[in-house]
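These protein sequence lines map, in sequence, to chains G and P.
In the numbering used here, each residue carries its 1-based index in the first sequence increased by 327.
In the numbering used here, each residue carries its 1-based index in the second sequence increased by 95.
For every residue, glycine included, the Cβ atom is placed at its ideal position computed from N, Cα and C.
Report on one structure; see the data block that follows.
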Amino acid sequence: MTVLFGIFLLTLMVITALAIVHTRHLFVAVILTGIFSLLMAANFFLLDAADVALTEAAIGAGISTVLFLGALALTGEHERASTSSRLLALSVVAVTTLIVIYATFDKPRFGDPLAPVHQHVSPWYLEKTSEAIDIPNVVTAVLASFRGYDTLGEVFVVFTAGIGVLFLFGARPPQNPGSPGKITAKPGQGLRHYLIPRIVGRLLIPFILLFGLYVQFHGDYGPGGGFQAGAIIAAAVILYALLEGEAQALRVMPHKLLIVLMAGGALLYGGVGVASLMLGGNFLDYSVLAADPVVGQHRGILLIEAGVGITVTGVLLSVFHAFASRGKN
Amino acid sequence: MAVLLDIASWALLSIGGAFVFIGGVGALRMPNLYTRIHAASLTDTMGAVLVIVGVMLQAGVSLAAIKLAAILLFLLLTSPTASNALASAALLAGLRPGDTVATHEEQSE
Numbered sequence: 328m329t330v331l332f333g334i335f336l337l338t339l340m341v342i343t344a345l346a347i348v349h350t351r352h353l354f355v356a357v358i359l360t361g362i363f364s365l366l367m368a369a370n371f372f373l374l375d376a377a378d379v380a381l382t383e384a385a386i387g388a389g390i391s392t393v394l395f396l397g398a399l400a401l402t403g404e405h406e407r408a409s410t411s412s413r414l415l416a417l418s419v420v421a422v423t424t425l426i427v428i429y430a431t432f433d434k435p436r437f438g439d440p441l442a443p444v445h446q447h448v449s450p451w452y453l454e455k456t457s458e459a460i461d462i463p464n465v466v467t468a469v470l471a472s473f474r475g476y477d478t479l480g481e482v483f484v485v486f487t488a489g490i491g492v493l494f495l496f497g498a499r500p501p502q503n504p505g506s507p508g509k510i511t512a513k514p515g516q517g518l519r520h521y522l523i524p525r526i527v528g529r530l531l532i533p534f535i536l537l538f539g540l541y542v543q544f545h546g547d548y549g550p551g552g553g554f555q556a557g558a559i560i561a562a563a564v565i566l567y568a569l570l571e572g573e574a575q576a577l578r579v580m581p582h583k584l585l586i587v588l589m590a591g592g593a594l595l596y597g598g599v600g601v602a603s604l605m606l607g608g609n610f611l612d613y614s615v616l617a618a619d620p621v622v623g624q625h626r627g628i629l630l631i632e633a634g635v636g637i638t639v640t641g642v643l644l645s646v647f648h649a650f651a652s653r654g655k656n
Numbered sequence: 096m097a098v099l100l101d102i103a104s105w106a107l108l109s110i111g112g113a114f115v116f117i118g119g120v121g122a123l124r125m126p127n128l129y130t131r132i133h134a135a136s137l138t139d140t141m142g143a144v145l146v147i148v149g150v151m152l153q154a155g156v157s158l159a160a161i162k163l164a165a166i167l168l169f170l171l172l173t174s175p176t177a178s179n180a181l182a183s184a185a186l187l188a189g190l191r192p193g194d195t196v197a198t199h200e201e202q203s204e
């Protein structure tokens, strides 16, 4: 049954991907990209990868779509007709597809317990999580503790991406940027003139924030963690910005605060590593953070997940504001 | 009792599925945007409500049922708002409810 659902979802994804390539209307393409991510999230969930599914749904289907729409408001809705040869592109894609299909013949069957991925370090992680870290969610244990270096790298990638966007958009916009697309209301005012979404949004934003905190701190026990929580909290603030206007959102969370969040989260993560060095352990070895190594692991994971969440929130909001403020003047 | 619950949940899931199907057909077949929104909103109000209540009956009295109830409440608040916002945006963009605009052609040009 799982295989059947998987094939169904993957077929839908192929159809969506073809539609994205086919359409010339960029707005349609953005919405289709959101659908693609949602299908991917369902597929991840089917494969029991609930953590990844949550991330994909929050970032891929949610925030990326909003950021793409923000970018579209700055450019235009129609793709320019391509002048380069399509034959070359088509042949490259065809050859790559054939190679990938050929490679799948060597893959183990779906769910095969003898697959190489289940023979390598996975059994060791599953065995050691309960005795060394003692949290139910092995994914969080692997992400935050066993492979803490990788996650530190990811946080710095997110941080660097945020800095890059701020550099690109932080430059003074040209004085006369032309018409910024069709905007029906006064720009910067959000949806103040329109009551129904405002009231429903106001009702929901506290609960979205609360859910974000739940995902953040429940990551040890169920699917969740800093990346997902950061995306959810950023989504709540973006919703606020869409409803009440960007200026109001900046009054709540000013640029300076966002930059402090961006850097502070990464700093917190690195600081936990340095603290464990100072206490006589290895870099990012949380066992030395408390008298009992298991409690130390819990503390370390809590702190670095908080760092991840803070950085992701700061970066996503900075990127959103960079796009939104660019269109205004 | 368990059999009764199963039958009730089966009926709810089937009717909910039927609403989702009708909504899908309507979204494809209706002549203009507003009627299509009307059809599509059927999917995420009646369809979603019936399916979730059907699944809640399967879950019994548990944490899963409470989570499903929370999702149901969230959907009941957001889906009609989304439909309303979509229709309102179309009206602001100048699309009159009487017009039969073939949006398919716009997409496939």
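Q. Residue 445 of chain G by DSSP, collapsed to three states: which one?
A. helix
Q) Of all Cβ atoms in chain G, is any one closer than 8 Å to the Cβ of residue 164 of chain P? A) no
Q: Report the residue ranges of all alpha helix (DSSP H) runs contained in full by the segment 338-370 of chain G; include only those spanning at least 4 residues, in chain order.
A: none
**Q.** Nearest neighbour of residue 136 of chain P, chosen from P/177, P/184 and P/187 [CA to CA]
**A.** P/177
Q: Measure the C-alpha to C-alpha separation of residue 496 of chain G and residue 650 of chain G and round it to an integer number of angstroms.
A: 8 Å
Q: Enumerate in chain order the residues of its own chain whose CB-to-CB distance from residue 550 of chain G is below 6 Å, with the five nearest sequence positions on each side excluded.
A: 377, 378 and 381
Q: Please state whether DSSP places residue 405 of chain G in a helix, a strand or coil.
A: strand
Q. Of all the CB atoms in chain P, is at least one closer than 8 Å to the CB of residue 521 of chain G?
A. yes
Q) Where residue 620 of chain G and residue 611 of chain G are concerned, what is the direct C-alpha to C-alpha distance, given to the nearest angstrom? A) 13 Å
Q.
Between the alpha carbons of residue 529 of chain G and residue 357 of chain G, how many angstroms are there, rounded?
A. 26 Å
Q) Are any of the Cβ atoms in chain G nearer than 8 Å to that of residue 127 of chain P? A) no
Q.
My assumption, with CB atoms under 8 Å, is that residue 172 of chain P sits in contact with residue 147 of chain P. Please give the rounded CB distance.
A. Not confirmed; about 14 Å, so no contact.
Q | Nearest neighbour of residue 387 of chain G, chosen from G/371, G/403 and G/363 [CA to CA] | A | G/363
Q) Where in the segment 551-583 of chain G do unbroken runs of the alpha helix (DSSP H), each at least 4 residues long, occur, reported from the N-terminal end onward? A) 553-571 and 573-579
Q. Which chain P residues are close to residue 524 of chain G, counting only those with a beta carbon under 8 Å from its beta carbon?
A. 176, 179 and 180
Q.
Once the 5 residues before and after residue 125 of chain P are set aside, which same chain residues still bring their CB inside 7 Å of it?
A. 131 and 134
Q. At a cut of 8 Å, does the segment 562-582 of chain G reach the segment 478-492 of chain G through at least three beta carbon pairs?
A. no
Q: Rounded to whole angstroms, what's the CA-CA distance from residue 403 of chain G to residue 351 of chain G? Just pull it up for me.
A: 11 Å
Q) Which class does residue 617 of chain G belong to by DSSP, given the choice of helix, strand or coil? A) coil
Q: May I ask you to verify whether the segment 561-569 of chain G touches the segment 596-605 of chain G, counting CB pairs closer than 8 Å and requiring at least 3?
A: no
Q. Using a Cβ-Cβ distance under 8 Å, would residue 339 of chain G count as near chain C?
A. Checking the listed chains, one finds no chain C in this structure; the protein chains it contains are G and P.
Q.
Determine, for residue 569 of chain G, whether the minimum Cβ-Cβ distance to residues of chain P falls below 8 Å.
A. no
Q) Pick from G/365, G/482 and G/400: whose alpha carbon is nearest that of residue 589 of chain G? A) G/482
**Q.** Inter-residue Cα distance where the pair is residue 332 of chain G and residue 366 of chain G
**A.** 11 Å
(Q) Going by beta-carbon coordinates alone, are residue 427 of chain G and residue 452 of chain G separated by less than 8 Å? (A) no
Q. Does DSSP put residue 113 of chain P in a helix, a strand or coil?
A. helix
**Q.** Contacts around residue 557 of chain G, its chain only, beta-carbon distance under 6 Å, and the 5 residues preceding and following it disregarded
**A.** 636, 639 and 640
Q: Leaving aside the five residues before and after residue 614 of chain G along the sequence, list all residues of the same chain whose C-beta is less than 7 Å from its C-beta, in chain order.
A: 608, 620, 623 and 624
Q) Between the C-alpha atoms of residue 393 of chain G and residue 458 of chain G, what's the straight-line distance to the nearest angstrom? A) 42 Å
Q: For chain G, find out if any of its Cβ atoms is closer than 8 Å to the Cβ of residue 109 of chain P; answer yes or no.
A: no
Q: State yes or no: is the beta carbon of residue 393 of chain G nearer than 8 Å to at least one beta carbon in chain P?
A: no
Q. What does a CB cutoff of less than 8 Å around residue 114 of chain P pick up in its chain, not counting 5 residues either side in sequence?
A. 137, 138, 141, 142 and 145
Q: Note down the Cα distance separating residue 413 of chain G from residue 343 of chain G, rounded to an integer number of angstroms.
A: 20 Å
Q | Element boundaries [alpha helix (DSSP H), containing residue 318 of chain G] | A | Since the displayed chain G opens at 328 and closes at 656, residue 318 of chain G lies outside it and no answer follows.
Q. Taking only beta-carbon atoms, is residue 140 of chain P less than 8 Å away from chain G?
A. no
**Q.** Under the three-state DSSP convention, the category residue 434 of chain G falls into
**A.** coil
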